[in-house]
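Letter 73 of the sequence shown, counting from 1, is numbered 73 in my numbering, and no numbers are missing. Each residue gets a CB set at the ideal place from its N, CA and C atoms; glycine is no exception. See structure below.
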Amino acid sequence: MLEAMLDEYGLDDIEITMETRFTEDLELESIDLVTLGGSLEARYGRQVNFAEFVAGLELDEIIGLTVGRLVEYVVRSLRAAEERSLSAAEESSLMAAEGS
1 MLEAMLDEYG
11 LDDIEITMET
21 RFTEDLELES
31 IDLVTLGGSL
41 EARYGRQVNF
51 AEFVAGLELD
61 EIIGLTVGRL
71 VEYVVRSLRA
81 AEERSLSAAE
91 ESSLMAAEGS
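Below is the structure:
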């Protein structure tokens, strides 16, 4: 997803690691981060709320945001959504079993 975005900017030859910083290394501006947030929402839906994630950061954290930190947030969000889904399914099964 990030690579496709960078291709659009002609930055397809940049090596991206977990330590790569969005603003300093990739020279992305705030509007680019908004675009990235939209791409994350399009791919993962409400499971990954980029706006909420960024709102919880201080300005210096946003400026220094790394690919790794964003990846960790996405993974945590997806795992939490999966756990909520499993819990809801288990609860539904218990309710069905009790009704039998």
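Beta-carbon gap between residue i and residue j smaller than 9 Å
i	j	result
threonine 20	glycine 68	yes
glycine 64	glutamate 15	no
isoleucine 62	leucine 86	no
Which listed residue (the options) has its alpha carbon closest to that of residue i
i	options	result
glutamate 83	Phe53, Ala55, Gln47, Leu57	Gln47
threonine 17	Leu70, Leu86, Val74	Leu70
methionine 1	Asp60, Gly37, Ser30	Gly37
valine 54	Ser87, Phe22, Gly10	Phe22
glutamate 52	Ser85, Glu8, Val74, Thr66	Val74
Outcome for residue i when other beta-carbon atoms lying within 10 angstroms are tallied against a minimum of 16
i	result
leucine 57	exposed
leucine 78	exposed
leucine 28	buried
CB-CB length for residue i against residue j, believed under 8 Å
i	j	result
phenylalanine 50	leucine 59	Not a contact, Cβ separation roughly 16 Å.
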